[in-house]
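**Q** Chains C and W are the protein sequences, given in the same order.
21 is the number of the first residue of the first sequence in the numbering used here; add one for each residue after it.
50 is the number of the first residue of the second sequence in the numbering used here; add one for each residue after it.
Take this structure first; my questions come after.
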Amino acid sequence: MTEILVKDKDIVVPGELLAKGMDAFPGPGSYRDNEEILSSRLGLVYLDRRTIKIISQSGVYLPKVGDMIIGKVIDIAMSGWRINLNCAYSAMLSMKDATSDYINKGEDLSQYYDIGDYIACKITNVTSQKLVDVSMREPGLKKLVNGRMFNVNTHKVPRIIGKKGSMVTMIKNATGCRITVGQNGLIWIQGDTKNEFIAIETIKKIEKESHLTGLTNRIKEFLEEKTGKKIEGVEMK
Amino acid sequence: MSYKKRLDNRKPDELRKMEAKVGVIKNADGSAYFKIGNTCAYAAVYGPRELYPRFLHNPSKGILRCSYSMMPFSGSGNRVRPGQNRRAKEISMVTEKALLPVLNLDEYPNSVVDVFIELPQTEAGSRCAGICAASMALADAGLVMSDLVSAVSVGRVDDMLVVDLDYSEEAYEDGPVADIPLAILPRTDEITLLQMDGEITKEMLLDAIELGKKSCHEIYEIQKKALKEKYAVKGDE
Numbered sequence: 021m022t023e024i025l026v027k028d029k030d031i032v033v034p035g036e037l038l039a040k041g042m043d044a045f046p047g048p049g050s051y052r053d054n055e056e057i058l059s060s061r062l063g064l065v066y067l068d069r070r071t072i073k074i075i076s077q078s079g080v081y082l083p084k085v086g087d088m089i090i091g092k093v094i095d096i097a098m099s100g101w102r103i104n105l106n107c108a109y110s111a112m113l114s115m116k117d118a119t120s121d122y123i124n125k126g127e128d129l130s131q132y133y134d135i136g137d138y139i140a141c142k143i144t145n146v147t148s149q150k151l152v153d154v155s156m157r158e159p160g161l162k163k164l165v166n167g168r169m170f171n172v173n174t175h176k177v178p179r180i181i182g183k184k185g186s187m188v189t190m191i192k193n194a195t196g197c198r199i200t201v202g203q204n205g206l207i208w209i210q211g212d213t214k215n216e217f218i219a220i221e222t223i224k225k226i227e228k229e230s231h232l233t234g235l236t237n238r239i240k241e242f243l244e245e246k247t248g249k250k251i252e253g254v255e256m257k
Numbered sequence: 050m051s052y053k054k055r056l057d058n059r060k061p062d063e064l065r066k067m068e069a070k071v072g073v074i075k076n077a078d079g080s081a082y083f084k085i086g087n088t089c090a091y092a093a094v095y096g097p098r099e100l101y102p103r104f105l106h107n108p109s110k111g112i113l114r115c116s117y118s119m120m121p122f123s124g125s126g127n128r129v130r131p132g133q134n135r136r137a138k139e140i141s142m143v144t145e146k147a148l149l150p151v152l153n154l155d156e157y158p159n160s161v162v163d164v165f166i167e168l169p170q171t172e173a174g175s176r177c178a179g180i181c182a183a184s185m186a187l188a189d190a191g192l193v194m195s196d197l198v199s200a201v202s203v204g205r206v207d208d209m210l211v212v213d214l215d216y217s218e219e220a221y222e223d224g225p226v227a228d229i230p231l232a233i234l235p236r237t238d239e240i241t242l243l244q245m246d247g248e249i250t251k252e253m254l255l256d257a258i259e260l261g262k263k264s265c266h267e268i269y270e271i272q273k274k275a276l277k278e279k280y281a282v283k284g285d286e
């Protein structure tokens with residue numbers, strides 16, 4: 021007889037009993053000890069039929085293949101660049117993944133990306149030892165010049181982007197800023213100063229209130245109040 | 050014999066007043082505060098992050114690094130000296146070993162999780178308060194853990210077995226005293242820290258450990274509550 025002892029969206033702590041019996045399965049963030057399924061993270065319960073997952077709400081970024089991230093060039097090597105990912109591991113951007121230009125042997129790579137530059141790139145490979153490869157050969161991946169860079173909790177990034185990018189599009193339209201959100205929690209914003217500040221304030225608000233219901237509407241009202249303009253085309257729930 | 054009633058009128062198995070809070074240090078990846086009687090501990094967790102010096106790298110899993118420190122104004126007596134000393138080094142080491150059995154750092158090779166424990170005010174039982182705060186902070190940092198860790202000091206004053214000794218009991222002079230810091234994993238009652246200062250018989254020691262386990266479960270409930278409170282949905286703020 022299997023009993024699941026938690027509800028969807030419950031908050032659980034590490035070591036907390038989630039279910040008893042062999043018919044439930046431990047998903048990410050939980051583990052089995054004989055008959056029992058226990059939590060191995062602090063987070064929210066997510067029940068997917070008989071699989072129990074724990075979604076973490078805090079912690080540093082861990083590189084994952086396919087993530088679009090913002091990195092900082094920290095070193096230039098013989099045939100590429102070393103990129104800081106805002107986490108425990110750095111990535112390698114090789115010459116052929118960086119640009120479609122022909123680069124001569126022995127050429128000075130700093131004329132493409134110099135130390136301290138920020139770039140938007142995509143993770144193409146992560147090994148078991150967490151050696152990371154990134155690439156920029158995809159539309160939209162570029163060097164980020166001017167603007168402002170700031171940090172948010174990486175677990176809140178999906179809420180900042182919204183369903184199919186709806187949230188970030190709303191902020192872009194309301195403030196007229198260009199915004200790039202990296203999965204690693206770095207965000208780049210460029211626009212005129214006043215609007216940049218409104219965008220940053222809005223994103224900080226999303227980060228703080230992401231777990232409360234009616235987020236889209238509240239953010240819409242907040243943006244309307246700050247910019248003094250009406251926002252069209254956002255569905256009301 | 051002469052010690053029939055505790056100096057501060059507590060029952061033998063009564064803990065001092067406790068208080069716990071999570072997320073108290075904004076810059077840290079995870080943080081917690083734990084207060085028991087007049088002893089307060091702050092714990093801040095950073096990482097997993099890049100590990101230097103390089104010779105400490107472990108390619109099979111991440112390492113844990115603890116630092117325990119009593120603040121220079123935290124108490125009285127010759128124990129309190131600012132900075133590192135032999136006592137602080139020992140306690141950092143036992144804290145590390147008390148916490149390591151619950152942590153799973155397999156996902157983070159070659160990196161480090163730093164735990165800083167600072168005590169702004171101390172009156173006995175500081176390493177136990179530090180361990181309680183640190184285990185909450187590690188959970189808050191979103192790390193994979195099989196359980197929390199709860200710790201308390203137990204011991205004897207004259208012929209009485211007591212939990213959570215305060216300074217006046219540690220310094221009791223009219224009979225033998227033993228002070229035993231104890232840390233357990235509340236789910237399985239496994240012991241991860243057991244030290245002893247003073248003199249005690251085998252029978253009394255075994256009884257004292259049983260008493261300590263019971264008190265640790267009380268502390269565990271407080272830790273659990275504090276962790277859940279951080280994410281509790283509190284209407285509109």
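C-beta: ideal position from N, C-alpha, C; glycine also.
Please read all numbers here as calculations on a predicted model, not as lab measurements.
Along the segment 60-92 of chain C, what residues have a CB closer than 9 Å to any CB found in chain W?
**A** The residues in question are 60, 61, 62, 63, 64, 76, 77, 78, 79, 80, 82.
**Q** The beta strand (DSSP E) spanning residue 83(W) covers which residue range?
**A** Start and end: 79-85.
**Q** Could you have a look at residue 33(C) and say whether DSSP puts it in helix, strand or coil?
**A** Coil.
**Q** Suppose you measure from the CA of residue 249(W) to the CA of residue 226(W); what does that come to, to the nearest Å?
**A** Those two C-alpha atoms are separated by around 8 Å.
**Q** Indicate whether residue 192(W) and residue 97(W) have their beta-carbon atoms separated by less than 9 Å.
**A** Contact flag set, yes.
**Q** Could you work out which residues of chain W lie near residue 33(C), taking near to mean beta carbons separated by less than 8 Å?
**A** Under the 8 Å cutoff, chain W gives 188, 197, 272, 273, 276, 277.
**Q** Per the DSSP calculation, residue 240(W) is bridged to which residue(s)?
**A** Residue 240(W) is bridged to 233(W).
**Q** Verify whether the separation of the beta carbon atoms of residue 151(W) and residue 114(W) is less than 9 Å.
**A** No, these two residues do not count as a Cβ contact at 9 Å.
**Q** So within the segment 123-198 of chain W, which uninterrupted alpha helix (DSSP H) runs reach at least 4 residues, ignoring any that extend past its ends?
**A** List check, alpha helix (DSSP H) in window: 135-148, 175-189.
**Q** Is the CB-CB distance between residue 179(W) and residue 90(W) below 9 Å?
**A** Closer than 9 Å, so yes.
**Q** Any beta-carbon of chain C closer than 9 Å to the one on residue 157(W)?
**A** Yes - at least one Cβ of chain C is within 9 Å of the one on residue 157(W).
**Q** Give the DSSP-derived three-state secondary structure of residue 271(W) in the structure shown.
**A** Looking at residue 271(W) - three-state DSSP - the assignment turns out to be helix.
**Q** Rounded to the nearest angstrom, what separates residue 197(C) and residue 233(C) at their Cα positions?
**A** Approximately 26 Å between the Cα atoms of the pair.
**Q** Who does residue 66(C) pair with in a DSSP beta bridge?
**A** Paired residue(s): 73(C).
**Q** Going along chain W, which residues have a C-beta under 9 Å from residue 149(C)?
**A** In chain order: 108, 158, 159.
**Q** Using a Cβ cut-off of 7 Å, which residues of the segment 101-118 of chain C contact any Cβ in chain W, in chain order?
**A** Those residues of the segment 101-118 of chain C that come within reach of chain W (Cβ to Cβ, closer than 7 Å) are 108.
**Q** I need the straight-line Cα distance from residue 117(W) to residue 167(W), nearest angstrom please.
**A** Approximately 6 Å, taken between the alpha carbons.
**Q** Helix, strand or coil: how does DSSP classify residue 120(W) here?
**A** Coil at residue 120(W), not helix or strand.
**Q** Quick one: grab the DSSP three-state call for residue 51(C).
**A** If DSSP states are grouped into helix, strand and coil, residue 51(C) belongs with the strands.
**Q** From which residue to which residue does the alpha helix (DSSP H) around residue 243(C) run?
**A** Taken as a continuous stretch (DSSP letters only), the alpha helix (DSSP H) holding residue 243(C) covers 235-247.
**Q** Of all the CB atoms in chain C, is at least one closer than 9 Å to the CB of residue 34(W)?
**A** Residue 34(W) is absent from the model: chain W starts at 50 and stops at 286.
**Q** Residue 91(W) CB to nearest chain C CB: under 9 Å?
**A** With 9 Å as the cut-off, residue 91(W) does not count as an interface residue toward chain C.
**Q** Which class does residue 33(W) belong to by DSSP, given the choice of helix, strand or coil?
**A** Any property of residue 33(W) remains undetermined from this structure, which presents chain W solely from 50 to 286.
**Q** Could you list which residues in chain C have their beta carbon closer than 9 Å to that of residue 78(W), in chain order?
**A** Result: 78, 79, 80.
**Q** Taking residue 99(W) as the query, report the chain C residues whose CB atoms sit under 7 Å from its CB, ordered along the chain.
**A** Neighbours of residue 99(W) on chain C, chain order: 108.
**Q** Chain W partners of residue 51(C), CB-CB under 8 Å?
**A** Within chain W, the residues near residue 51(C) are 195.
**Q** Residues of the segment 230-261 of chain W with a CB closer than 8 Å to any CB of chain C: list them in chain order, please.
**A** Of all residues in the segment 230-261 of chain W, 234, 235, 236 have a Cβ within less than 8 Å of some Cβ in chain C.
**Q** List the residues of chain C that residue 280(W) touches, going by C-beta distances under 7 Å, in chain order.
**A** The contacting residues are 31, 77, 231.
**Q** Give the range of the alpha helix (DSSP H) segment to which residue 104(W) is assigned.
**A** Looking at the DSSP string, residue 104(W) is not in any alpha helix (DSSP H), and its letter there is neither H nor E.
**Q** In whole angstroms, give me the CA-to-CA distance for residue 81(W) and residue 53(W).
**A** Each residue's alpha carbon lies about 36 Å from the other.
**Q** Does the CB of residue 58(C) have a neighbour CB from chain W at under 9 Å?
**A** Output row for residue 58(C): interface = yes.
**Q** Taking residue 278(W) as the reference, give the member of 26(C), 23(C), 158(C), 31(C) with the closest Cα.
**A** Among 26(C), 23(C), 158(C), 31(C), the Cα nearest to that of residue 278(W) is on 31(C).
**Q** Apply the 10 Å Cβ neighbour rule to residue 165(C) and answer buried if 16 or more other Cβ atoms are within range, or exposed otherwise.
**A** Looking at its Cβ environment, which holds fewer than 16 other Cβ atoms inside 10 Å, residue 165(C) is exposed.
**Q** So what does DSSP say about residue 201(W), is it helix, strand or coil?
**A** Three-state DSSP puts residue 201(W) in a strand.
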